[in-house]
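**Student:** Below is the structure I would like to discuss, written out as structure tokens.
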Amino acid sequence: MNWIMNRIMIRIMSRIMSRIMSRIMSKVMNVLEQASIATMLICSLGVCVLGGCALPYREPNPSFPLTHAEAESDLRRMAESPVALERAVIVVSGIGDPAVSSAAIVRAIGPTTVGMVIEVDFFDESTFPGARQKLLSEAALHLGVSVDELPEVDVVAFSMGGLVARDAAIIDAAGRRLPIRRLFTICTPHEGARLAGIPLGTPQSEDMKTTSDFIQRLRTARRKYDLCCYTRLDDITVGEEFAAPEGTALWWLPTPSGQWAHMQAFDDPRIMADIARRLRGEAPFSTLPAAPLPN
């Protein structure tokens, strides 16, 4: 009798798990159908180079001469003595990113501070307007206020997330905006992106062209927040030359050989340590004037 009951239970559980997996895969496929082709291309390239890329040796940045070992040591120091945040921090991923980048950033800077750190991803978004709306809605939800009463926040953004944040900071027709005090961006295509030169016909790829109306709108909008831009050299996705608005300081770092400059930048302890120091009110490792990009 027991073996009969066991077989019945196995069949029941098998059918339940089959239905659950079917629903999960259906949802994933629906999201992927709506996702950016450009983003999927980036992810595909990332998979292809997980084994690492051989990069040429680059001299350290004289205005940001921090090593991995020094950064990791300082992150441990800060985690042992976390400091209260001045305001809530919102960590945002790129469009189409299933929270990989934002989760890594939160893991790095979260333990170094005390206060509200909000994570927002745009995996289910395929346009900048949709991502902007989600950012405003998620911020209001976590802060317990209406979208019309958002308080000042600091934002840490990876890749296209930086453009979403800049767009959200611009007041819209309804008088709504995200009041950003400080915006930290990592490999964000502020002046467009190299990959946008590939004619993919998707909303983001069109918007990230250097001559697009969207990029021009961000260029001309008045910024009421401090902008701190980071990048890594040999970024074939965005291009380090596009990683800061014209006239804005850009702190660059050599990419370690064996890594992909863009897709692993959000996990670079050197960038994380510098941002954490700034959030804690400590002197950053990066200094002004920022060294120009090497030839």
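Under numbering that gives the first Met the number 0, the first residue of the sequence shown is numbered 0, with each subsequent residue one higher.
Each residue gets a CB set at the ideal place from its N, CA and C atoms; glycine is no exception.
Quick caveat, the model's predicted, so the values are computed rather than measured.
Name the residue from R231, D153, T230, L149 whose alpha carbon lies nearest to the alpha carbon of R175.
**Tutor:** The option with the nearest alpha carbon to R175 is L149.
**Student:** Quick one: using the 10 Å Cβ neighbour count with 16 as the cut-off for buried, is Q263 buried or exposed?
**Tutor:** That one is buried.
**Student:** Going by beta-carbon coordinates alone, are S62 and T286 separated by less than 8 Å?
**Tutor:** In this structure, T286 lies closer than 8 Å to S62 by Cβ.
**Student:** Pick out whichever of V155, P255, I270, D153 has its Cα sitting closest to the Cα of T230.
**Tutor:** Of the candidates V155, P255, I270, D153, the one whose C-alpha sits nearest the C-alpha of T230 is I270.
**Student:** DSSP state of R57, grouped into three classes?
**Tutor:** Coil.
**Student:** Below 6 Å CB to CB, which residues in the same chain sit around L84 once its five sequence neighbours on both sides are set aside?
**Tutor:** If we look at L84 and ignore the five residues flanking it on each side, its Cβ neighbours are T112, G114.
**Student:** Taking Cβ positions, are C228 and R277 nearer each other than 8 Å?
**Tutor:** The answer is no: Cβ separation not under 8 Å.
**Student:** I'd like the list of long-range same chain contacts for T210, defined as Cβ closer than 8 Å, with 5 residues on each side in sequence excluded.
**Tutor:** Excluding sequence neighbours, T210 sits near G191.
**Student:** In the DSSP assignment, find the beta strand (DSSP E) that holds F213 and state where it starts and stops.
**Tutor:** Segment 212–219 is the alpha helix (DSSP H) holding F213; no beta strand (DSSP E) there.
**Student:** In whole angstroms, what separates the C-alpha of P97 from that of F122?
**Tutor:** Approximately 5 Å, taken between the alpha carbons.
**Student:** Tell me, which residues are paired with D153 by DSSP?
**Tutor:** The partner list for D153 (beta bridge, DSSP) reads V88, R181.
**Student:** Is it a yes or a no for the segment 94–110 touching the segment 166–174, going by three-plus beta-carbon pairs under 8 Å?
**Tutor:** No, the segment 94–110 is not in contact with the segment 166–174.
**Student:** Nearest CA to the CA of A167: which residue from L140, P128, L232, A243?
**Tutor:** When each option's Cα is compared against that of A167, the closest is P128.
**Student:** Assuming L249 is part of the beta strand (DSSP E), what are its boundary residues?
**Tutor:** Segment 249–252, the beta strand (DSSP E) holding L249.
**Student:** Using a Cβ-Cβ cut-off of 7 Å (strictly less than) and excluding sequence neighbours within five positions of I179, which residues of its own chain qualify?
**Tutor:** Excluding residues within five positions, the ones whose Cβ falls inside 7 Å are V152, V154, A164, A168, Y224.
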